[in-house]
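Each remark here refers to the structure printed beneath this line.
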Amino acid sequence: MALEHAILVSLLEKPGSGYELARRFERSIGYFWTATHQQIYRVLKRMEADGWIDVREVEQKTRPDKKEYSVSARGLDALAVWLQEPIQPESVRHELAVKIRGAAFDDPAALIDEVERHQRMHRDRLAHYLAGERRDFGAGDGGSGELDAGRELQHAVLRGGIAYERMMIAWLDDVLATLRRLRPGR
């Protein structure tokens, strides 16, 4: 996937300025695809030149004017083509898993702090996802419980992130129990 496709999806969900788009990457889509502010602005410029996005100047009273980006018909066509392309199988590169296997050749207990650090990160991310789910998809979401297709698919991705974090926490619980059991002198 190119950054262009992630930007198209984000702009289809809500048009915005480059700054607003970068903030969205920090808060939500960034959990699946990361990009720096500089990368986003560089790609926006290229997408504008390729006709994938439309740009309009938005006058602001207390700040400098801003550019608001939205997806053009050509951008919709590009996204439709990309959506039909098969996805390559994901390569699994998991440095922590390699370290855990490598601990068999050193002191397994030496890895406990690092595994606990990862576990805290996954617990924090799970809490963040759950709070977002309550905020964005809880009972306060219009009250009807029915979502449009875009929101329903956003929720499906969020549920996948929640399930992944729960799986990682359970796996790290198991790894910690194993590392503690293998401590020297036990």
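Those letters in the sequence shown? Residues 3 to 188, per this note's numbering, in order.
No residue lacks a Cβ here, since even glycine has one placed at the ideal position from N, Cα and C.
Practice problem: Give the secondary structure of I55 by DSSP, where H, G and I count as helix, E and B as strand, and everything else as coil. | Solution: To locate residue 55, count along the sequence shown from 1; it is residue 53. DSSP, reduced to helix, strand and coil, places I55 within a strand of the structure shown.
Can you give me the Cβ contacts of S72 inside the same chain, cut-off strictly under 7 Å, excluding the 5 residues immediately before and after it?
Numbered from 1 along the sequence shown, position 70 holds the residue referred to as residue 72. The answer, listed in chain order, is L13, P17, I55 and D56.
Practice task
Report the three-state DSSP secondary structure of A179 (helix, strand or coil).
Solution key: In the sequence shown, counting from the first residue as 1, residue 179 sits at position 177. Helix.
According to DSSP, simplified to helix, strand and coil, what is E154?
Position 152 of the sequence shown, counted from the start, is the residue given in the question as residue 154. Correct three-state label for E154: helix.
- In its own chain, which residues sit with a C-beta less than 7 Å from the C-beta of S74, not counting the 5 before and 5 after it? The residue given as residue 74 occupies position 72 in the sequence shown. Cβ within range, chain order: G53, W54, I55 and D56.
* Asked: Which residues does DSSP pair with V224 in a beta bridge?
  -> Lying before the first or after the last residue shown, residue 224 is absent from the chain, which here runs from 3 to 188.
Just confirm the distance between the C-beta atoms of E70 and V60, as a whole number of angstroms; I'd bet it's less than 8 Å.
Locating residue 70 in the sequence shown gives position 68, counting from the first residue. Locating residue 60 in the sequence shown gives position 58, counting from the first residue. So it is a contact: roughly 5 Å between Cβ atoms.
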